[in-house]
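Student: Structure provided below as structure tokens; questions to follow.
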Amino acid sequence: MASRAAAISKRLLFSLGVGSSSFRAMSSESSKVVCSVLNSDKLNFDSKCSWDSLRAVSDLHLHSGTVPETALERVPAGTTVVVTKEMELDAANIDALPDSVKIIAEAGTGYNNIDGEAARKRGIAVCNVPVYSTGAVASMVMTFVLSLSCSLAQQQRKLWGPQPDREGWASIRGLSHFELAGKTIGLIGGRGAIGSKVSEMARVFGMKVVITSRSSKPCEGAEVVSMDELLGRSDFVSVHCPLNSETRKSIGRPHFEKMKTGAFLINTARGGIINEEELCDALEQDVIAGAGLDVQESEPPAEGSRLWRLAQKNCLLTPHIGWQRVETRQRLVDSVALNITQFLKGEPTNVVN
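One gets our numbering by counting positions in the sequence shown from 1 and adding 14 to each.
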């Protein structure tokens, strides 16, 4: 499996414009740069990814089980690069980093877990990887759409447990079961890479696509509408905006009440964008038909979260797996290596602070 991952890594490097000679040069030029990956287990939990691209550009140190309280222990003096995946690095941690640290590489698109202003004050660049999971996350959205349209989870649930309901399984008995052709999917923040890919995929199924976004970037095949119109017209509403101070808990009960009672909410972006308590109210009270959530405000949800109970009713819960396909993770590791390489060359890319 390791050799297969290395082959995937090599193919991805070539696809990103890094040939074998460049790969060897990267290794030679950066051999003394110390790189600490704080939570490698988050990226390579199944040991199916290769670290060759990062080893080529650094003296690589892999750590697992790191939490914010132990992060500094894994970044000794002399470390130049810190790599993290969705782990919080607040101002206190960043202020205490060794002076040798010059770049924090977030292994992902979202970077709200890192205090970018604190890093900027220390002269530390924060880089992300904006487009590594476009196809995988868009596929996750369409997986929810397909599953919700035919009540797949509810049908299978009838066969679970010691006394399967085989008679009930043989009938849809009022569950949602409809074709996608002619239905409308609304994309909130849909002009980005993932939203554009979802639009492309949805149109293959004959769906109509409406979007609302502040960006002026065109989105082929989609109609730009107001938020209220999107909510009122859509059979599926999918969230595609980043999590920041403006979007945190920005989607709540007023939005759900404007949706069709037979509509579904899908979120593969960030859990904190949705007011989770108000969503639970809407699901319990059948204000909307259901939801597909690959992200939650707390991952996993707190033990007492109503989402666990709603997962037995009308909410599909997955543990933030949209980005976790093996090819996607390999692309991510190699893209982080390229970010580091560009930074060391004095040509930084994807700097977000």
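From the three backbone atoms N, C-alpha and C, an ideal C-beta is built for every residue, glycine too. Values in this document were obtained by computation on a predicted structure and should not be read as measured data.
Identify the continuous beta strand (DSSP E) that holds V97 and give its terminal residues.
Tutor: Looking at the DSSP string, the run of the beta strand (DSSP E) that includes V97 is 93-98.
Student: Going by DSSP in three states, N353 sits in which element: helix, strand or coil?
Tutor: In the structure shown, N353 sits in a helix (DSSP, three-state: H, G or I).
Student: In terms of residues, what are the limits of the alpha helix (DSSP H) holding L68?
Tutor: Run containing L68: 66-71, per the alpha helix (DSSP H) assignment.
Student: State the beta-bridge partners of G306 as determined by DSSP.
Tutor: Answer is I280, L330, bridged to G306.
Student: What number of angstroms, rounded off, separates the C-alpha of G124 from the C-alpha of G246?
Tutor: Cα-Cα distance, rounded: 29 angstroms.
Student: Does DSSP put N364 in a helix, in a strand, or in coil?
Tutor: Correct three-state label for N364: coil.
Student: Would you kindly work out how many angstroms separate the C-alpha atoms of G122 and S153, rounded to a whole number?
Tutor: Taking the straight line joining both Cα atoms gives about 17 angstroms.
Student: Return the first residue and the last residue of the beta strand (DSSP E) that S252 is part of.
Tutor: Per DSSP, S252 belongs to the beta strand (DSSP E) from 250-253.
Student: Does T84 have its Cβ less than 8 angstroms from a Cβ in chain C?
Tutor: Annotation note: the requested chain C is absent from the structure, which comprises a single protein chain.
Student: Would the region 79-89 count as touching the region 319-338 if we require 3 or more Cβ pairs under 8 angstroms?
Tutor: Judged by Cβ distances under 8 angstroms, the region 79-89 makes no contact with the region 319-338, as fewer than three pairs qualify.
Student: Kindly identify the DSSP beta-bridge partner or partners of A139.
Tutor: Answer by DSSP bridge pairing, in chain order: I117.
Student: Just list the residues that DSSP pairs K222 with in beta bridges.
Tutor: Bridge partners of K222: T198.
Student: If we call anything under 8 angstroms between Cβ atoms a contact, is A277 one with S248?
Tutor: Yes; because the gap between Cβ atoms is below 8 angstroms, this pair is in contact.
Student: DSSP three-state call for E237: helix, strand or coil?
Tutor: The answer is strand: DSSP assigns E237 an E or B state.
Student: Apply the 10 Å Cβ neighbour rule to M221 and answer buried if 16 or more other Cβ atoms are within range, or exposed otherwise.
Tutor: Looking at its Cβ environment, which holds 16 or more other Cβ atoms inside 10 Å, M221 is buried.
Student: Just grab the DSSP bridge partners of C49 for me.
Tutor: DSSP, once it has assigned bridges, lists L74, V95 as partnering C49.
Student: To the nearest angstrom, how far is it from the Cα of S374 to the Cα of R228?
Tutor: The first residue shown for the chain is 15 and the last is 367, placing residue 374 beyond what the model contains.
Student: Let me know the secondary structure DSSP gives L111 once reduced to three states.
Tutor: In the structure shown, L111 sits in coil (DSSP, three-state: anything other than H, G, I, E or B).
Student: Tell me the DSSP bridge mates of I265?
Tutor: Its beta-bridge partners are I288.
Student: Under three-state DSSP, which class holds I208?
Tutor: I208: helix per DSSP, three-state reduction.
Student: Relative to the alpha-carbon of S185, which residue among T363, R171, Q344, V301 has its alpha-carbon at the smallest distance?
Tutor: That would be R171, whose Cα lies nearest to the Cα of S185.
Student: Using alpha carbons as the reference points, say which of I199, V140, R205, A91 lies closest to L368.
Tutor: Examination of residue 368 is not possible in this model, given that the chain is present from 15 through 367 alone.
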